[in-house]
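Participant: Before I ask anything, here is the structure I am working with.
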Amino acid sequence: MTQSSSDTAQPDYIGRFAPSPTGPLHLGSLFTALASYLDARAHNGKWLLRIDDLDTPRNRSGAVDTILNCLEAFGLQWDGEIYYQSRHLEEYRYYLDEFERNLLTYRCGCSRKELADYFATIGTYDENTLYPGICRKKTISGDIPSAIRVKTESTDITFQDELQGLISQNLAHQQGDFILKRKDGIIAYQFAVVIDDASQQINHVVRGCDLLEETPKQIYLQRLLGLPTPKYMHVPVIVDQSGYKLSKQTLATAVDTQSPSLVLFDLLLLLKQNPPYVLNGAKVNEVLNWAIDHWNPDALRLCSTISL
Numbered sequence: 077m078t079q080s081s082s083d084t085a086q087p088d089y090i091g092r093f094a095p096s097p098t099g100p101l102h103l104g105s106l107f108t109a110l111a112s113y114l115d116a117r118a119h120n121g122k123w124l125l126r127i128d129d130l131d132t133p134r135n136r137s138g139a140v141d142t143i144l145n146c147l148e149a150f151g152l153q154w155d156g157e158i159y160y161q162s163r164h165l166e167e168y169r170y171y172l173d174e175f176e177r178n179l180l181t182y183r184c185g186c187s188r189k190e191l192a193d194y195f196a197t198i199g200t201y202d203e204n205t206l207y208p209g210i211c212r213k214k215t216i217s218g219d220i221p222s223a224i225r226v227k228t229e230s231t232d233i234t235f236q237d238e239l240q241g242l243i244s245q246n247l248a249h250q251q252g253d254f255i256l257k258r259k260d261g262i263i264a265y266q267f268a269v270v271i272d273d274a275s276q277q278i279n280h281v282v283r284g285c286d287l288l289e290e291t292p293k294q295i296y297l298q299r300l301l302g303l304p305t306p307k308y309m310h311v312p313v314i315v316d317q318s319g320y321k322l323s324k325q326t327l328a329t330a331v332d333t334q335s336p337s338l339v340l341f342d343l344l345l346l347l348k349q350n351p352p353y354v355l356n357g358a359k360v361n362e363v364l365n366w367a368i369d370h371w372n373p374d375a376l377r378l379c380s381t382i383s384l
């Protein structure tokens with residue numbers, strides 16, 4: 077998909093929201109959903125819904141219905157059919173096979189303990205230490221449980237984020253060879269999201285700043301696969317009073333769907349949209365219509381976190 081400088085040649089805006097069914101939406105995830113929804117609707121675009129359900133051990137029964145009911149309660153109606161990652165495993169396998177045929181990946185049998193032992197001999201080790209490429213020159217049989225890593229190069233991946241500005245990252249030096257398929261056979265988020273965005277023809281991605289550092293990995297994979305790169309807008313993440321991002325891991329509470337209009341008004345304040353007070357308690361569609369007409373993402377420029 078080639079971008080043109082002519083407005084008439086621009087593809088229609090297609091955005092998406094992609095929650096994981098690991099529990100109900102909390103205020104932070106609804107904040108991101110609202111931002112992506114408003115940006116799509118303000119551009120007269122489509123807003124698609126994807127369920128990131130590949131990480132089956134973390135999925136929770138009934139979570140999908142809870143998420144859908146929450147979005148509907150807040151008037152965030154998606155376009156078209158819902159896209160479930162778990163129904164696209166063959167596509168992921170196809171592209172993985174392409175990578176292997178082109179010698180872009182290798183199997184990695186390293187366990188966390190083995191890596192910890194390795195780094196203990198040369199210095200300290202923590203979760204941010206880059207994988208040292210131990211298995212890059214090994215030949216590991218497909219019969220042995222192993223992850224699949226992509227070979228990174230010492231080149232800079234640079235892109236212009238619509239809110240966070242120019243982002244540049246050298247994958248080899250800052251990320252290392254990262255995993256495309258885990259040892260337990262589950263396709264990694266970084267790989268799946270690239271295939272999904274291309275399959276759904278997503279050309280605008282609005283998501284949280286917690287994924288900003290992951291974006292160069294995805295652009296790298298897009299280039300290897302010859303897939304288009306969407307425009308990216310990384311909105312701030314909501315943090316609690318201790319500075320921790322609201323998440324299911326930090327036991328963030330589920331969004332209250334009993335008073336959606338009041339919650340929407342508060343979210344617009346957090347989004348720095350300055351809604352008129354008369355909208356506080358108005359009908360959901362009235363709040364959303366105002367927010368779409370007055371959507372101003374520039375109010376969030378260079379902002380990475382917002383405190384409650």
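Read left to right, the sequence shown gives residues 77 to 384 (the numbering used here).
Ideal Cβ positions, reconstructed from N, Cα and C, are used throughout, including at glycine.
1) Can you list, in chain order, the residues of its chain with a C-beta nearer than 6 Å to that of Ile278? Leave out the 5 residues immediately preceding and following it.
2) In chain order, which beta strand (DSSP E) runs of at least 3 residues are fully inside the segment 180 to 260?
3) What are the boundary residues of the beta strand (DSSP E) that includes Ser383?
4) Does the beta-carbon of Asp273 have 16 or more other beta-carbons within 10 angstroms, so that it is buried, or is it exposed?
5) Going by DSSP, what residues sit across from Gly91 in a beta bridge?
6) Am I right that Leu101 and Ile143 are in contact with their C-beta atoms under 8 Å? What's the rounded C-beta distance?
7) Alpha carbon to alpha carbon, how far is Asp374 from Val311?
8) Per DSSP, what kind of secondary structure is Ile143 in: helix, strand or coil?
9) Just how far apart, CA to CA, sit Thr108 and Val282?
10) Closest by CA to Ala330, which one among Ser96, Asp88 and Ser105?
11) Examine the Cβ distances between the segment 139 to 157 and the segment 317 to 336 and report whether three or more of them are shorter than 8 Å.
12) Please state whether DSSP places Ala330 in a helix, a strand or coil.
13) Give a yes or no on contact between the segment 347 to 355 and the segment 364 to 374, applying the rule of three or more CB pairs nearer than 8 Å.
14) Helix, strand or coil: how does DSSP classify Tyr160 here?
15) According to the Cβ coordinates, are Ser162 and Asp129 closer than 9 Å?
16) Alpha carbon to alpha carbon, how far is Lys259 from Ser222?
17) When burial is assigned at 16 or more other CB atoms within 10 Å of the CB, is Pro351 buried or exposed?
18) Tell me which same chain residues have a C-beta within less than 7 Å of the C-beta of Trp366, skipping the five on either side of it?
19) Which residue marks the beginning of the alpha helix (DSSP H) containing Arg299, and which one marks its end?
20) Quick check on Arg136: does DSSP put it in helix, strand or coil?
21) Ordered along the chain, which non-local residues of its own chain (more than five positions away) have a Cβ less than 7 Å from that of Gln294?
22) Using a Cβ-Cβ cutoff of less than 7 Å, which residues in the same chain neighbour Ser82 once the five nearest sequence positions on both sides are dropped?
23) When the distance is taken between beta carbons, is Ser380 closer than 9 Å to Gln240?
Facilitator: Looking at the coordinates:
1) Excluding sequence neighbours, Ile278 sits near Ile90, Arg92 and Pro306.
2) The segment 180 to 260 contains these whole beta strand (DSSP E) runs: 181 to 184, 223 to 226, 232 to 237, 241 to 246 and 255 to 257.
3) Following the DSSP letters along the chain, one finds Ser383 inside the beta strand (DSSP E) bounded by residues Thr381 to Ser383.
4) For Asp273, the number of other beta carbons within 10 angstroms of its own is at least 16, and it is reported as buried.
5) Within the DSSP bridge table, the entry for Gly91 names Trp123 as partners.
6) The pair is a contact, with the Cβ atoms about 6 Å apart (cut-off 8 Å).
7) Cα to Cα, the separation comes out at about 10 Å.
8) Reduced to three states, the DSSP call for Ile143 is helix.
9) One C-alpha to the other measures close to 8 Å.
10) The shortest Cα separation from Ala330 among Ser96, Asp88 and Ser105 belongs to Ser105.
11) Of all C-beta pairs linking the segment 139 to 157 to the segment 317 to 336, three or more are shorter than 8 Å, placing the two stretches in contact.
12) In the structure shown, Ala330 sits in a strand (DSSP, three-state: E or B).
13) Below 8 Å, enough C-beta pairs join the segment 347 to 355 and the segment 364 to 374 to call them touching: three or more.
14) Reduced to three states, the DSSP call for Tyr160 is strand.
15) In this structure, Ser162 lies near Asp129, with their beta-carbon atoms less than 9 Å apart.
16) One C-alpha to the other measures close to 5 Å.
17) Buried is the call here.
18) Correct list, in chain order: Pro351 and Leu355.
19) Run containing Arg299: Thr291 to Leu301, per the alpha helix (DSSP H) assignment.
20) Taken through DSSP and simplified to helix, strand or coil, Arg136 comes out as coil.
21) Around Gln294, the same chain offers Gln266, Val269 and Val270 as residues with beta carbons nearer than 7 Å, after the five sequence neighbours per side are excluded.
22) In this prediction, Ser82 scores a pLDDT of 35, lower than 50, which makes its location untrustworthy; the coordinate-derived value is nonetheless stated afterwards. None.
23) The answer is yes: Cβ separation under 9 Å.
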